[in-house]
Amino acid sequence: MTQYTSVTDDDRRQMLEAIGVSSVEDLFADIPARLRLARPLALDPGLSEQEVYAELRELAERNVSTDAELSFLGAGMYDHYIPALIDSILQRSEFLTPYTPYQPEVSQGTLQAMFEYQTAISELTGLPVSNASVYEGPSAVAAAGYLAKLEKGRRRFVVSRGVHPHAREALATLARAWDMEVEEAPLIDGLTRLPDLDEDVSAVVVQQPNFLGAVEDLEPLAEAAHRSGALAICACDPLPLALLRPPGECGFDIAVGEGQTLGNRLDFGGPSFGFFAATQELIRRVPGRIAGETRDVDGRRGFVLTLQTREQHIRREKATSNICTAQALNALAGVIYLTWLGRQGIVDLVTLLVHRTAHARQRLGAVPGISAVHEQPVVREFAVNLDAPVDRVLARCREQGINPGYPLGHDYPELPNGLLVAITEQRSRQDIDRLAGGLGAAVAAERQNVEAPA
Amino acid sequence: MTQYTSVTDDDRRQMLEAIGVSSVEDLFADIPARLRLARPLALDPGLSEQEVYAELRELAERNVSTDAELSFLGAGMYDHYIPALIDSILQRSEFLTPYTPYQPEVSQGTLQAMFEYQTAISELTGLPVSNASVYEGPSAVAAAGYLAKLEKGRRRFVVSRGVHPHAREALATLARAWDMEVEEAPLIDGLTRLPDLDEDVSAVVVQQPNFLGAVEDLEPLAEAAHRSGALAICACDPLPLALLRPPGECGFDIAVGEGQTLGNRLDFGGPSFGFFAATQELIRRVPGRIAGETRDVDGRRGFVLTLQTREQHIRREKATSNICTAQALNALAGVIYLTWLGRQGIVDLVTLLVHRTAHARQRLGAVPGISAVHEQPVVREFAVNLDAPVDRVLARCREQGINPGYPLGHDYPELPNGLLVAITEQRSRQDIDRLAGGLGAAVAAERQNVEAPA
Amino acid sequence: MIRGADDHLTIFERSRPGRRAFVAPAVGVPERPLDELIPPALRRAEPPRLPEVSEPEIVRHFNRLSQRNFDLDTGFYPLGSCTMKHNPKLHERVAALPGHAQLHPLQDPARAQGALELMWRLQAALAEIAGLPHVSLQPSAGSHGELAGVLLTQAYHEDRGERRTKVLTPDTAHGTNPATVTMAGYELVKLGTDRHGNVDLDDLRAKVDGDVACLMLTNPSTLGLFETGIEEIAAVVHEVGATLYYDGANLNAIMGITRPGDMGFDIVHFNLHKSFTQPHGGGGPGAGPIAVSDRIEPFLPRPQVIRRTSQGNGSEPAYDLDYERPKSIGRLRGFQGNYGVFVRSYAYIRSLGAPGLREVSEVAVLNANYLLARLRQEGVVEYLPAAHERLCMHEFVLSGGPMKRELGIRTLDLAKRLLDHGVHPPTVYFPLIVDEALLVEPTETETKETLDRFAGVIAEILREARNDPEVARNAPYTTPVRRLDEAAAARRPVVRQPL
Amino acid sequence: MIRGADDHLTIFERSRPGRRAFVAPAVGVPERPLDELIPPALRRAEPPRLPEVSEPEIVRHFNRLSQRNFDLDTGFYPLGSCTMKHNPKLHERVAALPGHAQLHPLQDPARAQGALELMWRLQAALAEIAGLPHVSLQPSAGSHGELAGVLLTQAYHEDRGERRTKVLTPDTAHGTNPATVTMAGYELVKLGTDRHGNVDLDDLRAKVDGDVACLMLTNPSTLGLFETGIEEIAAVVHEVGATLYYDGANLNAIMGITRPGDMGFDIVHFNLHKSFTQPHGGGGPGAGPIAVSDRIEPFLPRPQVIRRTSQGNGSEPAYDLDYERPKSIGRLRGFQGNYGVFVRSYAYIRSLGAPGLREVSEVAVLNANYLLARLRQEGVVEYLPAAHERLCMHEFVLSGGPMKRELGIRTLDLAKRLLDHGVHPPTVYFPLIVDEALLVEPTETETKETLDRFAGVIAEILREARNDPEVARNAPYTTPVRRLDEAAAARRPVVRQPL
Ligand SMILES: Cc1ncc(COP(=O)(O)O)c(C=O)c1O
Ligand SMILES: Cc1ncc(COP(=O)(O)O)c(C=O)c1O
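Protein chains in written order, with my numbering: chain R, 1 to 454; chain F, 1 to 454; chain G, 1 to 499; chain Z, 1 to 499.
Structure (structure tokens):
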């Protein structure tokens, strides 16, 4: 018997008898003999809890976490401080272990939390409708593209080069299946320059702040999209929206993005959550779960999953999406985090990020061999060019326990030695000085190598 | 306003008005002006959560935990594996945040858990009565001494030198206040040798296994105590009792001990819990909370704090103890741990400890310069003599990340280079080999130094 | 905050201007005027109206909300097709280790070797369980895995110069299957089910042709029955060069007993939040890795976790992310998938090992068949007959048709009445082909006592309905709220708090 | 396990032979026969009859038990004298860090510098708050601190060649005070309370003499009132050479406002589980550090955490444990005290700092006085008058005497009826000198809305009682169990499960 099952030999005997078969083997009679696995699975036998813990700990220790180095990695996920109260709530089995709230009478906790989450996302994005979560950021952009395809049925997407490379790729993966084209709008001086849009565009997709950290001027972009009859889709990082004009206010039809920055762990990339917000007009095309307010037979306030006729379990092949299990627990972390920050706190936090990032940008800008990729306003991330091979520079920095950021060359060949640097509230002035010093020294050393190769 | 309070300026205004005073200052009018602190407390201003976390983490990293070295430290607290489910239950606010169950109708969780805990302790000790916990091990011995004083009123305790030094000291601290003497019974070949006991002894106190790891033959010790009319008190480690004869069965009147080994963290010495078990005759003298079964007005089964007439809040100066807040949460961890192990599991675990410890004892015994302090049976701890200065040997081992155990010289001057080595299930055969190798090398090196001092 | 008195308030309604839980650290750097850093024209006029509450109030609000949920760790949750099995507590501990939880997804692979090795080992284990050699962990959930599977099929056919247009699914299929077909740009063709609960082979033969790209199947099916004709089905499908897709939501029935790959499937998705214990979280997170055959492998999503056999030069890390996959369908999402879920599932596989996983499936099937037998003993089947008189696998379907006709209560009423008995209802009204369906999946982690008691509760509710059907029709009575008006909610949707 | 159906079962009653949650690691070393290692004569015949259950069943059992508790994180808990204030979640996180949680108490001090420094810093902070220079963190709880205090007093007197026999406590004292006096071998002498709620000075003067070793006092008193005559009391006590002991359970009222040391106290204990947020855990753990004056310092328990000023040779660690204390009363317990509690309390002090701690006390007192005022507004005081018509400190006492006489319900009935309103009752029948006493301590972490609602609930219960006292007399109705028969429990005590 395993530690998780309860059938004793005695139980098994009684149960088989009640069923009317003589062995467990008989229960699998419907499986053709030829298909039965004649051997045990080629997996090791089970281990005790302490052994599994030791093994997982050993694996963990072979990863360099943001705990173990001075990290300025961002590029879509950020090392923000996560308050202890989030985990204390998420670990409550009442939130951790139930499934989708199909039975609202015994799921008011999950449903009301969804409703509160939707309200917070709506406040941040300036759009009236938010669903209860999608998988994560880049696939949320693809999901928005699918909505645009259903709504407009035109053959083209125009996507800013400032949109996260993973998001552009995720959209392209589906566009191929839909026989649609993805046209890229270039970045000029770090900002999106839209091409002339003709009648065949289903949606224009931009990101705020964009991948190189620049704050886009959203309103003209939405206007251009609408002039051509396309939907305007904004991928955005929710935290900077504490200070920036919300996409909804700027005329965007859809705002989506990665929710990790809202109280979710890095977890090597997941699970986090994606958010999906839209205008009232699009509410019946929005994918996934949506919680709505209603009353019970006694007139008491309550919440339910609503507009389910959009969904796969009701509409099947006519559904607006195939999504079923989403990221409820991660979205819960998001709304708790936003509540923890609060109306004033989120402004205080993001303002702090702006100042520290500006300081870091200025410190690095003053280092010989480091130059800005653009001069646009930024919130907590910015891009620089190194006058030396970025990989070698990074290798040198890591030796000193500094991880200066994300090298851009792979995604932006035009920036072969570009580096994307993110500053969170967990990076102090001293940390930033250490970065400037370490990065500067590494660049200097590598430039010498280049000038005078041994 | 702090992060933990909710009084806004607006609230304060309304509240002061309702009270009928004009300022918060006025609320403290009863405090003589001369006694008011005219300055702020000389403490730093408050910090953000992330800053406090960073500071506490920095302090933690300056401690070498059992995670960070190969540790064989025991001597009263042991590095056993603690299953994850314990913390997941202890962290539930319903167990973590209420206080003593004065209102049983809304405290059945705590009360039933106490009842289950009492049952488990009773099973381990072989005594019918267990309270719901006392502070910890050594003070539990002192508490047992106080019971004996009340019961017998004689002027002397006879305490085995095999009792934990901290427990002997804690008892002596109180004995002084009671004008009582503490006579020590020596260890011969590692076992307690009682002196002739005359009529003035209130209690005989021994420990199982004793501090040097030896398993005592309890029954004769209890008989001797009873012959002189004294109470027999056994301090014991609850885990070895899975295999050893329980004190109750051997005729002891009281069994007490340190509960840390039952699913509680090391925590640099606390909080853990002490257990206190006794015979039916003594039930009305037992200190602290005791949960008892009863029924409610509808005939439903329920649990309450019972026999409260023993306690300070009812009997005040006539109480059998002054204890109030005890260690309920730690005792809860104890009963969960014992449930996790279960009837067979606890035998499997302790049997494993016996075999690994025997192996370690034999491996070390074979090392030149290491000799046994005694040859008595042991469970998970044993004492050896080093033929070299123990402190210098330990220093050498620590350099290799090995902490071989607890040096006995401070508590047992007769064993100036004695070492107490504990083996838990978290120390593998390889770990034991590393210990033997490292300790052997260190001893050898130091012996050379001694023979040929530079 | 007082229990009961104000449970209906949202966190926004608890907000009071000036209260806070967050204390900001000092900025600590020279500050330039904000207008210089971000022009006012780019900034919002008003901060988002988030709640203003202290930490104690946040804790109480969400703790109290949690108490309005039914959860697996406190009660029986036989929600068919969802495998509501115990979630081991160890998994939460190991997933929270900083080396896992605080690892940045863009960390240099050479500095994330533990994570990549864990993923590689998990891939190997899943491949062995599925009987298919290649695994991608990237999909975020089952439906995402399905989407990946259909896109892989498409890429496979296109690579062979074919443009197929149709995908087959049985009428018993889970909603995500047809929805995925449409989303991937295919036309759906439905297959009928025969009276034994198997795919209607004649219907299959009639509908299969060169335009068919794929057949998506769940085996055991959503009826909890094993497709006895699976070998023939596979033959027919492969005959026309189509692929066979395995929806792995029901894998809990067959681990170590039979393998989709051996049945002839080309592509399998796993629901790590079902068979592999990721807690369901109120609707996620999950993960939907896929295992595929050799012919599908070239098209797997980017990046793939690989292990370098050529350990020639030490410079290269043993485990790496491979982006050089020219035929790949590309990315489905950001980064490398839901790693935190992988940690839990890997820990589970290590804890149970081969014999343990087999026992899981054996007991899952034993528990289901036993519960069905007990319901028979209780005479329940008179009103709630099994949809098919066969041995079931890990779950089974009852039909509430007779109950509705003879007792006047519907499956919905039975479900709501179960809530008053402290049981989470089974899945209701699915699969669609069974009248008033009830899909019951007890899972392997329940005790015989629980199954006995559940059977008794069902019998009791039916007895009660015989005397007075109104009781069930108006249930539940003891829940935080009673039946809610879903129609009104949909008519005039209120999906956010007006502020 | 089904909710509700079997909540009455104990874990022992859920046990079935052969079930298990524990998997033992392999022994992994050569095994000799057990009889050779431990002779059968020393071994028990039968294993202890612990429960046999799987992990899922353990989790459900204890989770379900937890749901039968009322707790601070979900409701208002104004339990007088216990300071049921919010327990910050950060504290649980930092206390669980391996460097704290997995540090062995006998680790070489040189390798536990972080822990010793934390203790040293906490000592310094507590000393500043108490206004007394020397601190020992060793006592395990308040009552343990009291015991330490009286033993210190004894040692102090004996060191001066005196053997005093009596200790004074007011009749309002908490039970642990008199119990401690007896336990430390002293004779108790009780002091009366005057009509203002202060210690009766004449009674004090009459009873104080050269045999008096100590006066134990709580200030604010258990009546929630500040001893206005504290300076004179101190003078009278010191006059005869006795010590003045401060029971710090009520420290939450005065942090940063006034200090026991400045009032003339020699010895103070802290309840870290009250003023300093260690969660109460259903009755512990706690910690009861003591702060003392110079003349008491030599007698403090062993060991003391010290900081080496003489940083001369680097070999010695900066922080160390000092055992060389010839006049010490010795140990009170094992190791160095409840370190895990120290971590939480230290984090709390760092989070709030000087201004924050002062605000804590200001708001604690503001909340208490406001609640009292609201009760007056509600007209409640007609039946539940304040025991003393004064401004209160952080808590206040109501007398249920008039309520009992005029409405026919006792304080106990009111308390039980409060349970039906989702509120934990205040402390009842303490202090003893107030008829049908109700001791109410709202704490600083509650909102004004909660206090308003509580006042309303009290008023409602009194209204209800005016119409029909039976309702309250038979309350509660909505709790997991109703009134329990404590008398029967005490008559034939069943204190363990019969197996
Ligand atoms: C049979 C079946 N297929 C597919 C799915 C979809 O899986 P997921 O919810 O992870 O997207 C589910 C789960 O709801 C299912 O039960
Ligand atoms: C006034 C007073 N003194 C002393 C104590 C005893 O403190 P502890 O329970 O920590 O032993 C308490 C707490 O119950 C108290 O309220």
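Using N, Cα and C, we set each Cβ at its ideal position, and we do this for glycine too. These numbers come from a predicted model, not from an experiment.
- Taking 6 Å as the cut-off, is the CB of Gly286 (chain G) close to at least one heavy atom of ligand 1? yes
- Residue from R:Thr173, R:Leu341, R:Phe252 and R:Val335 whose Cα sits closest to the Cα of Arg227 (chain R): R:Phe252
- Task: Pick out the complete beta strand (DSSP E) segments inside the stretch 54–123 of chain R, 3 residues or longer, and give them in chain order.
- Result: none
- Message: Just to confirm my understanding: we take Thr180 (chain G), look at its own chain, exclude 5 residues before and 5 after, and list those with CB closer than 7 Å. What are they?
- Response: Ser143, Glu146, Leu147 and Val150
- Through-space distance from Tyr4 (chain F) to Ser54 (chain G), alpha-carbon basis: 6 Å
- Task: Report the neighbours of Asp200 (chain Z) on chain G: residues whose CB is nearer than 8 Å to its CB, in chain order.
- Result: Going along chain G, no residue has its Cβ under 8 Å from Asp200 (chain Z), so there is no contact; the nearest lies around 39 Å.
- Task: Quick one: using the 10 Å Cβ neighbour count with 16 as the cut-off for buried, is Val297 (chain R) buried or exposed?
- Result: exposed
- Using a Cβ cut-off of 8 Å, pull out every chain Z residue sitting near Thr445 (chain G), in sequence order please. Ser54 and Pro56
- Using a Cβ cut-off of 7 Å (strictly closer), state whether Gln108 (chain F) contacts chain Z. yes
- Helix, strand or coil at Ala454 (chain R) according to DSSP, with G and I counted as helix: Bear in mind that a pLDDT of 48 at Ala454 (chain R), under 50, signals an unreliable position, so the model cannot answer this.
- Query: Any residues in the stretch 169–183 of chain G with a beta carbon nearer than 7 Å to a beta carbon of chain R? Which ones, in chain order?
  - Reply: Gly175, Thr176, Pro178, Ala179, Thr180, Val181, Thr182 and Met183
- Item | Interface residues of chain G facing Thr5 (chain F) [CB-CB closer than 7 Å] | Ser54
- Query: In chain order, which alpha helix (DSSP H) runs of at least 4 residues are fully inside the stretch 131–217 of chain Z?
  - Reply: 142–159, 176–183 and 201–207
- Query: Straight-line CA distance for Met393 (chain G) to Ala253 (chain G)?
  - Reply: 6 Å
- Message: Using C-beta distances below 7 Å, list every residue in its chain close to Gly99 (chain Z), excluding the 5 sequence neighbours before and after it, in chain order.
- Response: Gly114
- Shortest alpha-carbon distance to Ala249 (chain Z) belongs to which of F:Thr294, F:Thr325 and F:Ile423? F:Thr325
- Starting from Val397 (chain G), trace the beta strand (DSSP E) both ways and give me its first and last residue. Phe396 to Ser399
- Determine the direct distance from the alpha carbon of Leu132 (chain Z) to that of Thr169 (chain Z), and round the result to whole angstroms. 22 Å
- Query: In the structure shown, what three-state DSSP assignment does Tyr406 (chain F) receive?
  - Reply: strand
- Query: CA-CA distance, Glu51 (chain F) and Leu435 (chain R)?
  - Reply: 20 Å
- Message: Rounded to whole angstroms, what is the Cα-Cα separation between Lys274 (chain Z) and Asp203 (chain Z)?
- Response: 31 Å
- Message: Tell me the DSSP secondary structure of Asn69 (chain Z) in three-state form.
- Response: strand
- Please report the Cβ distance between His134 (chain Z) and Ala291 (chain Z), rounded to the nearest whole angstrom; I am assuming they are in contact, meaning their Cβ atoms lie under 8 Å. 7 Å
- Query: DSSP beta-bridge partners for Ala385 (chain R)?
  - Reply: Before going on, a small fix: residue 385 (chain R) reads as Asn here, not Ala. Beta-bridge pairing links Asn385 (chain R) to R:Ser371 and R:Gly418.
- Query: Is it true that the CB of Leu262 (chain F) sits closer than 7 Å to the CB of Gly334 (chain F)?
  - Reply: yes
- Item | 8 Å Cβ cut-off: residues of chain G touching Ala291 (chain R) | Val495
- Task: Could you say which of G:Thr445, G:Tyr429 and G:Glu444 lies nearest to Leu438 (chain G) if we only look at CA atoms?
- Result: G:Tyr429
- Return yes when the C-beta of Asp171 (chain G) is under 6 Å from any heavy atom of ligand 1, and no when it is not. no
- Message: Pull the bridge partners of Phe62 (chain Z) from the DSSP assignment, please.
- Response: In DSSP, Phe62 (chain Z) forms no bridge with anything.
- Does the beta-carbon of Gly20 (chain F) have 16 or more other beta-carbons within 10 angstroms, so that it is buried, or is it exposed? exposed
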